[in-house]
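Residues 151 to 363 (my numbering) make up the sequence shown, in order. Just so you know, even glycine gets a beta-carbon here, dropped at the ideal spot from N, CA and C.
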Amino acid sequence: MNNEHKQQLAKCLVKLCYFVGIKEPLSIENLKMLVYYLVNQHPTFIQEELEQAFFMASSGDFGEIEHYQSFSPMYVSKIINLYTSKRSEAISKYRAEIERIKLDEEHKEKAKNYNAVEGCIEAICSQYDSFLKYEELKKDEDRMGLEETRGSIAIQLGQKLGLFKDYNPKVESASDFFTRIFTPLSKYEPEQTKIIIGKWVKTTIENISAESK
151 MNNEHKQQLA
161 KCLVKLCYFV
171 GIKEPLSIEN
181 LKMLVYYLVN
191 QHPTFIQEEL
201 EQAFFMASSG
211 DFGEIEHYQS
221 FSPMYVSKII
231 NLYTSKRSEA
241 ISKYRAEIER
251 IKLDEEHKEK
261 AKNYNAVEGC
271 IEAICSQYDS
281 FLKYEELKKD
291 EDRMGLEETR
301 GSIAIQLGQK
311 LGLFKDYNPK
321 VESASDFFTR
331 IFTPLSKYEP
341 EQTKIIIGKW
351 VKTTIENISA
361 ESK
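In structure tokens, the structure reads:
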């Protein structure tokens, strides 16, 4: 950050200090310290975001934050961190929504030439992929919510073909149900497991069809 940007940042900090209601003006020493702190500790945080963070804080978006009449690095950093957390949450939800829209479009496209058995196998194999990535997925609530929805759809597809009769949504979630199914298959390689899944689905459906005749 060059000197011109540092001067603009300093002016922004002075303005924000008054904005949040701190009566004592920032001293030159404290202002220099704040600029130095922000440049070194939050180098990617631009001035527009800094202003937006304080506007959101003043609107109560982050709850009650008391400055105790001190525009300190700790106070400024707390607001920045809360803003960053909110921003990350919004980005995560946006990506999850984009993924839902994409998934819906894929379903519509596949519906044009849909094969119920192959579609069921694909949905179950997709759940197996999620099972393998569970440790990563559980860190993101929005993605876990999306996977739970996809799991429920996979179960519904299977039930239409006579599969998954032992599934009870009151007893276990879709994710837990598939975990129970896939855990014994962990000894196989992923591609081998998917072949086993495909054969099981087709064989089970054939047996159900034969029994109904």
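Residue 279 places its beta carbon less than 9 Å from that of residue 340. The DSSP-derived three-state label of residue 313 is coil. Per the coordinates, the alpha-carbon of residue 166 lies some 42 Å from the alpha-carbon of residue 285. An exposed status is given to residue 235, since fewer than 16 other beta-carbon atoms sit within 10 Å of its beta-carbon. Pairing residue 305 with residue 324, the inter-Cα distance amounts to about 8 Å.
A check of alpha carbon separations from residue 152 across 303, 170 and 185 identifies 185 as the nearest.
No beta strand (DSSP E) of 3 residues or more sits fully in the region 295 to 361. Taking each of 189, 251 and 355 in turn and checking the Cα distance to residue 315, the smallest one comes out for 355. In this structure, the beta-carbon distance from residue 191 to residue 233 does not fall below 9 Å. Residues 277, 281 and 301 of the same chain have their beta carbon placed closer than 7 Å to that of residue 328, with the five preceding and five following residues left out of the count. Counting only the Cα atoms, residue 322 lies some 19 Å from residue 273. Put simply, of 256, 326 and 309 the residue whose alpha carbon is nearest the alpha carbon of residue 351 is 309.
Beta-carbon to beta-carbon, residue 270 and residue 307 are separated by about 4 Å, close enough to satisfy the 8 Å threshold.
For residue 223, the enclosing alpha helix (DSSP H) has its first and last residue at 223 to 262. Under the DSSP assignment, residue 177 falls outside any alpha helix (DSSP H); it carries neither an H nor an E label. By the neighbour-count criterion, in which a residue is buried when 16 or more other Cβ atoms sit within 10 angstroms of its Cβ, residue 205 is exposed.
Shortest Cα-Cα distance from residue 313 to any of 243, 353, 158 and 159 involves 353.
Boundaries of the alpha helix (DSSP H) harbouring residue 269: 266 to 282, taken from the DSSP string. The residue from 319, 177 and 297 with its alpha-carbon nearest to that of residue 249 is 297.
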